[in-house]
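Taking it in order: structure first as structure tokens, then the write-up.
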Amino acid sequence: MTEPSPLNAWPIYDLHSHTQASDGLLTPEALVLRAVEQRVGVLAITDHDTTDGVRPAQAAIEKFQLPLRLIAGVEISTLWENHEIHIVGLGVDCDNPVLTAFLQQQNDRRMARARLIAERLEKAHIPDALSGALALAGGGAITRGHFARFLISQGKADNMAQVFKNYLARGKTGYVPPQWCTIKQAIDAIHHSGGRSVLAHPGRYGLSAKWLKRLIAHFSEVGGDAMEVAQCQQAPNERTQLARYAQDYQLAASQGSDFHQPCPWIELGKKLWLPANVEAVWQRFPEIEQV
Ligand code: AMP
Ligand code: MN
Ligand code: MN
Ligand code: MN
């Protein structure tokens, strides 16, 4: 793997993270405090289809005078060729009416799907999943992550990987095909609110090289700006390969932990650096850092 370039050694940028506003376990306040502990200098909060974590996080940064810059972000679920593809928006205006209406529609879809997931689980003799998952979501965007935690609490599985494999993955008892927006609709909503769009974790969709290139080509054609190249958990060659794709498709490069909760493998700011042959998203689009 290419060595980390000294240019992006400081500050550490972590441009993908979650709070209790969706399926993260930490409050926005706890997340920013942890980011500072981990020496992150620039953090994007990118909850699933909501920006509700951003304002409380900014308030905490001001209250505690933290040495941390916050980027207002979001992670939008889309459907492309029957694959669920996540598009991160960075530097969005949380109050933009086009964006808020768009995210409301995504959350209506989340709630409709949650009802159907619960119906399916009920038929499989697992009652009360909707109220259980909603209680865990605590008013935040409802996700399969909440159903996963509910099923674990009911003793149906020991861990997240197992519960997804047995209940929530495509074709399993609790799986309901989602009705997400298209990639272009997500990018347009992000652009409308002044943000930049990033193809999230391209290595995690289980696509062959041919299909991954198709996805990146499509994302670029419909106006996509950047793609995630660096994550803390990656196969040895993935970062180099993704950097090459970013170069081939003239996309800027992003990096993020996709932190959801404290765990031994994934940590804010951990192992995040970009190979030297790509242009960082914060360099090509410096306006994303203006709150
Ligand atoms: P949703 O957007 O409602 O489909 O929920 C997707 C979320 O579920 C992801 O953002 C992850 O946090 C979580 N998730 C999906 N697959 C897995 C998995 N195999 N193991 C653990 N968490 C997962
Ligand atoms: Mn998640
Ligand atoms: Mn994602
Ligand atoms: Mn994420």
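Letter by letter, the sequence shown follows residues 42 to 332 in my numbering. Beta carbons are placed, not taken as given, at the ideal position from N, Cα and C, and that holds for glycine.
Check, Outcome
"Distance between residue 190 and residue 133 (C-alpha atoms, nearest Å)", "30 angstroms"
"Rounded separation between residue 264 and residue 225 - CA only", "7 angstroms"
"Any non-hydrogen atom of ligand 5 within 7 angstroms of residue 269 CB", "Summarising the ligand content, the structure contains ligand 1, ligand 2, ligand 3 and ligand 4 and does not contain ligand 5."
"Touching by the beta-carbon criterion (3+ pairs, under 8 angstroms), the region 210-220 and the region 244-260", "no"
"Exposed unless 16 or more other CB atoms sit within 10 angstroms - verdict on residue 57", "buried"
"heavy atom of ligand 3 below 7 angstroms from residue 182 C-beta", "no"
"Distance CB(residue 288)-CB(residue 319) smaller than 8 angstroms", "yes"
"Residues near residue 197 in its chain [Cβ-Cβ closer than 8 angstroms; skip 5 each side]", "167, 204, 207 and 208"
"Residue 300 burial status per 10 Å Cβ neighbour count (16 or more: buried)", "buried"
"Limits of the alpha helix (DSSP H) - the one that residue 262 falls within", "250-262"
"C-alpha gap between residue 92 and residue 286, whole angstroms", "29 angstroms"
"Beta-carbon spacing of residue 117, residue 90 below 8 angstroms", "yes"
"Chain-ordered list of residues that sit, by beta carbon, closer than 7 angstroms to a heavy atom of ligand 3", "116, 127, 241, 242 and 299"
"Proximal residues to residue 195 (C-beta, below 7 angstroms), its chain only, five neighbours per side dropped", "167"
"Sub-8 angstroms separation of residue 158 and residue 188 beta-carbons", "yes"
"Shell residues, 6 angstroms Cβ cut-off relative to heavy atoms of ligand 1", "64, 89, 118, 184, 185, 186, 201, 202, 205 and 301"
"Distance, residue 272 Cα to residue 115 Cα", "17 angstroms"
"Cut-off 6 angstroms between Cβ atoms - residues of its own chain near residue 173, not counting five sequence neighbours on either side", "191"
"Extent of the continuous beta strand (DSSP E) run through residue 294", "293-296"
"CB-CB length for residue 238 against residue 128, believed under 8 angstroms", "6 angstroms"
"Under the three-state DSSP convention, the category residue 55 falls into", "strand"
"Through-space distance from residue 251 to residue 104, alpha-carbon basis", "49 angstroms"
"Reference residue 231; option with closest CA among 61, 309, 139 and 211", "139"
"Closest by C-alpha distance to residue 329, when choosing among 278, 266 and 156", "266"
"Continuous alpha helix (DSSP H) stretch holding residue 281: start and end", "279-289"
"Residue 59 CB to nearest heavy atom of ligand 4 below 7 angstroms", "yes"
"Counterpart residues of residue 222 in DSSP-defined beta bridges", "119"
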